[in-house]
Amino acid sequence: MSNPNSGTRYERLVIRNATVINGRGTPPFGPVDILIEKDTITEIAAVDPISLNRAPPDWRRPEGDHEIDAAGMYVIPGIVNMHAHISFDDKCGPRGPEYAYKLSLAHGITTIRTCGFGTDEKLVEHRRLSDENEITAPRLVILGSWPAEVTTPEGAREAVKKLHDLGVDGIKIIPRPHVNKEILEVIAEEARKLGFPAGIAIHIPQYSELDALDASEAGGDMMMIEHTYGIPQAAIPGSQSLPPDYNYADELDRFRWSGKIWTEADQYPERVRGVLETLVRNGTAWDPTMVVYEANRDLQRARTFPWHEKYTVPQVWKQFEPSPGHH
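Read in order, the letters of the sequence shown are residues 10 to 336 in our numbering.
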């Protein structure tokens, strides 16, 4: 049976008797009462026996329009989905974005960082609607899709300006073979000058002449490495040992050899450590997205998770069926 109060916004919401994990590495503490006014936590009041005994005589526990008894439960900060693709076509079902937003919120995800492949203009509008509480959605951090047709430094500078004018928070780039270190440096320079709060996320394909060190040296603290690509390539002396018939566009080749390239890099632990230390020194972040690959370790287990029957829409099932045309 569904909760009649689910999805309702309250002017004043109180979560009572909760134990808080603040996400900063410190131990849990509680019980506390948490007062939320509209979309802001305005008070966290300790209500353990000692705190209540020490409270002034006129002190009262916060009250609200609605209360949730969280005794024996934990409250954590909102989870940030660091790598998501929001689709506006039929791949996610008839109410794709709306369903994805609400499903995310129901699982504690309060911020989504979109990584391209969507319609940037629509995402910018959804971000506005979310910020103004006109739609039920997490906060959206939008990385604008890099145009594949850009081949020159001048074109790169102009493309960065267009994305900035569009209002995106950052840039998601998958370097095509013609994107060299010079062009990447221009992208980072222009992005830093104009100001992109979410910086640049780079997915370095295995066919690229760039690696994680190139990206880090070009963008410094503006840059974030996506997935597992680019780091082992930077650590392996010379070229990675791929078979002559390897084809990055073949998804089986791409993912099968991703792990084997890391195995090769493991033969040079000092070089791997050196790459990672350089990223840290330059302020370059790394988002490995390992959770995406976890299902491949035991596909039968992943396909039979109990929540699929209720929450996985048919269009998403179809997208994950084996097919050379599906990523």
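Just so it is clear, CB atoms sit at the ideal spot from N, CA and C, and this is done for glycine as well.
These figures come from a predicted structure and were not determined experimentally.
Check	Outcome
Boundaries of the beta strand (DSSP E) in which residue 207 is found, first to last residue	Neither: residue 207 is in no beta strand (DSSP E) and is coded neither H nor E.
For residue 28: DSSP bridge partner residues	83
At least 3 beta-carbon pairs within less than 8 Å: the region 107-127 vs the region 144-153	yes
Bounding residues of the beta strand (DSSP E) (the contiguous stretch that carries residue 123)	118-124
Outcome for residue 212 when other beta-carbon atoms lying within 10 angstroms are tallied against a minimum of 16	buried
Residue burial classification, residue 241 (beta-carbon count within 10 angstroms, cutoff 16)	buried
For residue 275, the nearest candidate out of 259, 287, 249, 260 (CA to CA)	249
Bridge partner(s) assigned by DSSP for residue 150	122
Straight-line Cα distance separating residue 104 from residue 145	13 Å
Residue 140 to residue 322 span [Cα, whole Å]	27 Å
Contact under 8 Å by Cβ, residue 309 with residue 263	no
contact_flag[the region 73-84, the region 20-40] where n(CB pairs < 8 Å) is 3 or more	yes
The region 286-296 contacting the region 229-248, beta-carbon criterion three pairs below 8 Å	yes
Between the CA atoms of residue 300 and residue 291 - distance to the nearest angstrom	26 Å
Presumed contact (8 Å Cβ cut-off) between residue 118 and residue 73, rounded CB distance	About 24 Å; that fails the 8 Å criterion.
Straight-line Cα distance separating residue 91 from residue 10	In this predicted model, residue 10 has a pLDDT of only 36, less than 50, meaning its place in the structure is not dependable enough to derive any value.
Counterpart residues of residue 49 in DSSP-defined beta bridges	46
Residue nearest to residue 332 in terms of C-alpha spacing, selected from 205, 259, 320, 107	259
From 314, 193, 154, 271, residue whose alpha carbon lies closest to that of residue 228	193
Exposed unless 16 or more other CB atoms sit within 10 angstroms - verdict on residue 252	exposed
Residue 10 in three-state terms, based on DSSP	Its pLDDT being 36, under 50, residue 10 is placed unreliably in this model, and the value from its coordinates should be taken loosely. Correct three-state label for residue 10: coil.
For residue 232, the residue or residues it bridges with in DSSP	209
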